[in-house]
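Going by our numbering, the sequence shown opens with residue 1, and the numbers climb by one from there. Below is one structure, written out as structure tokens, with a few remarks after it.
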Amino acid sequence: TNQMDMSVFENLESAVRSYSRSFPTIFEKAKGSQLWDGEGNTYIDFFAGAGALNYGHNNDAMQEKLIDYIKSDGLLHSLDMATPARAEFLQKFNDVILKPRNMDYKVMFPGPTGTNTVESALKIARKVTGREKVITFTNAFHGMTIGALSVTGNSFKRHGAGIPLTYSIAMPFDDYMDGYDSLDYLEKMIQDGGSGIDLPAAVILETVQGEGGINAASFDWLKRVEELCRRLDIMLIVDDVQAGCGRTGTFFSFEKAGISPDVICMSKSISGSGLPMAVTLIKPEYDQWGPGEHNGTFRGNNLAFATAAEALNHWKTDEFSEAIEQKSELFLKRLNQFVEEYPELEAEVRGRGLMLGIASKKEGLAGQIAEAAFERGLIIETSGPDDEVLKMLPPLIIEEEAIVKGLDIIEESIKAVLG
Ligand code: PMP
């Protein structure tokens, strides 16, 4: 079998480099919050497929649903055609998510991934307002296509392809600059006809910036952004691709802030199973698409619809949210201990719900801890402009035992790296 494994590795080498990190093993199985490789090693998952596996790997109910659906000869690929799977998802989304929250939105399937929902959001905001520019924030991340990149505050990801911020105006995110009120500044500049900052079509933001380093905006700041948008008649787009689907404790990340975005971008864990799916929620008055104006081949993935409907069962009561909060507290207690007990980390704890990070001022340290953790059986990633944040994004269904074990591994790794 060793020989076979080697040849598999050779084939893998033929793929282009895309993900920034390569894991030196072949993963064969995964269930819940754990993965197994071909050599019998077990790994705890604090990464959850970059936030696409909030309900864990191979969730039993979703697996069953997939098998039943395939055996029923139901359509797998159906573009915009009506199918029972699509109808079930829409019904559940309305009944379990939107109606109980008094939210009125049209549901759009903009294409398979996060960047597709962002593109559709930018396009509809520009179309509805007839304006060109979009306000974005420092360290924002919205995707890899040119429109989404043009509102992404990461120069490494933009500059290789020479993508300027032509259609956007970048402003400091909440807390980016101590004591500096970027929202007042923005309002003044927009109102000052000579500033060159024309009235924008929209503001786009993540309530907790994931790729940008687990920067959580305060609820107060989010409310002020919304007030500004209402006052100046600017559309508010919340990109909930990573922070949504329960990641920060509530289904939408902005629920506790009490804001009401005009457009909401969702992907990653919306299918629940790791199958690609994206949703753009648009307030009914802004659903001004002409027929066929924004389409794409892969909008009707019925396997994704089937598991997405199943995933929404988690949200029928408040229990799931409460469990996330409890797990979050367990994490935060230990992470704060690490920061106190190991001052050499020069670190702070960031985040909300189960979207957490330890940001270290020491160059390269977070990456070294992540590598040491992998050797000890924990999959954990880094984020932030200098990869300075050890980023925790466990499946929301993770058991307490796995959390404790994962945190123990982080502590061992910190000790090993600090020497
Ligand atoms: N928006 C946010 C906030 C994200 O975190 C991501 C992915 N990390 C995207 C958009 C892009 O999603 P995708 O990679 O599925 O295109």
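The beta carbon of each residue, even a glycine, is placed where N, CA and C say it ideally should be.
Less than 8 Å between the C-beta atoms of residue i and residue j, yes or no?
| i | j | result |
| --- | --- | --- |
| C245 | F254 | no |
| T136 | A161 | no |
| I414 | I369 | yes |
| P395 | L12 | no |
| L330 | E400 | yes |
| A309 | E10 | no |
| S271 | T307 | yes |
| E325 | G213 | no |
| L335 | N301 | no |
| F46 | L378 | yes |
| A140 | V128 | no |
| A217 | F173 | yes |
| I190 | L232 | yes |
| R224 | M355 | no |
| L303 | L79 | no |
| A48 | L393 | yes |
| A278 | G111 | yes |
| D240 | I264 | yes |
| L281 | A257 | no |
| G357 | K391 | yes |
| A201 | K283 | no |
| T180 | T138 | The question names Thr, yet the displayed sequence has Tyr at residue 180. No, the Cβ-Cβ distance between Y180 and T138 is not below 8 Å. |
| I70 | K405 | no |
| R131 | L35 | no |
| E411 | F338 | yes |
| A373 | I409 | yes |
| L312 | I97 | yes |
| R350 | N215 | yes |
Under 7 Å: does the beta carbon of residue i sit that close to some heavy atom of ligand 1?
| i | result |
| --- | --- |
| V118 | yes |
| G210 | yes |
| T280 | no |
| F141 | yes |
| D104 | no |
| M81 | no |
| D198 | no |
| A308 | no |
| M144 | yes |
| A216 | no |
| A304 | no |
| S273 | no |
| A202 | no |
| L150 | The displayed chain sequence assigns Ser, not Leu, to residue 150. No - ligand 1 has no heavy atom lying nearer than 7 Å to the Cβ of S150. |
| V241 | yes |
| A125 | no |
| G114 | yes |
| K348 | It should be pointed out that residue 348 corresponds to Glu in this sequence rather than to Lys. False, no ligand heavy atom lies under 7 Å from that Cβ. |
| A50 | yes |
| E206 | yes |
| S168 | no |
| S267 | yes |
Nearest to residue i by CA position, among the options, is which residue?
| i | options | result |
| --- | --- | --- |
| R299 | K405, Q191, F109 | F109 |
| G56 | D175, I264, G32, I163 | G32 |
| S273 | V263, N215, I146, I67 | I67 |
| T83 | P385, K316, V339, F305 | F305 |
| D220 | G210, E411, I259, P112 | I259 |
| M144 | K123, R158, V134, Y176 | R158 |
| M266 | F156, G364, Y105 | Y105 |
| F23 | L222, E371, T382 | E371 |
| G290 | Y69, K123, I409, E319 | K123 |
| S360 | G353, S383, A373, F374 | S383 |
| K92 | W36, H314, S328, E412 | H314 |
| G40 | K327, Y69, T25 | T25 |
| D386 | A15, S155, N102, S14 | S155 |
| R86 | V107, I97, P100 | V107 |
| A50 | G210, I403, M103, V16 | G210 |
| L418 | I398, G193, E341, S14 | E341 |
| I423 | R376, E375, G353, K362 | Since the first residue of the chain shown is 1 and the last is 419, residue 423 is not available in this structure. |
| D262 | G249, M81, I234 | I234 |
| R101 | A347, A416, D318 | D318 |
| S168 | G74, G196, D178 | G196 |
* To do: Tell me, please, whether the stretch 226–237 touches the stretch 174–187 by the rule of three or more beta-carbon pairs shorter than 8 Å.
  => Enough Cβ pairs lie closer than 8 Å, so yes.
* Touch test, the stretch 286–296 against the stretch 116–127, Cβ-Cβ under 8 Å, three pairs minimum -> Touching, yes.
* Quick one: any contact between the stretch 56–66 and the stretch 26–42, if contact means 3 or more CB pairs under 8 Å? -> Contact between the stretch 56–66 and the stretch 26–42 is established, with three or more Cβ pairs separated by less than 8 Å.
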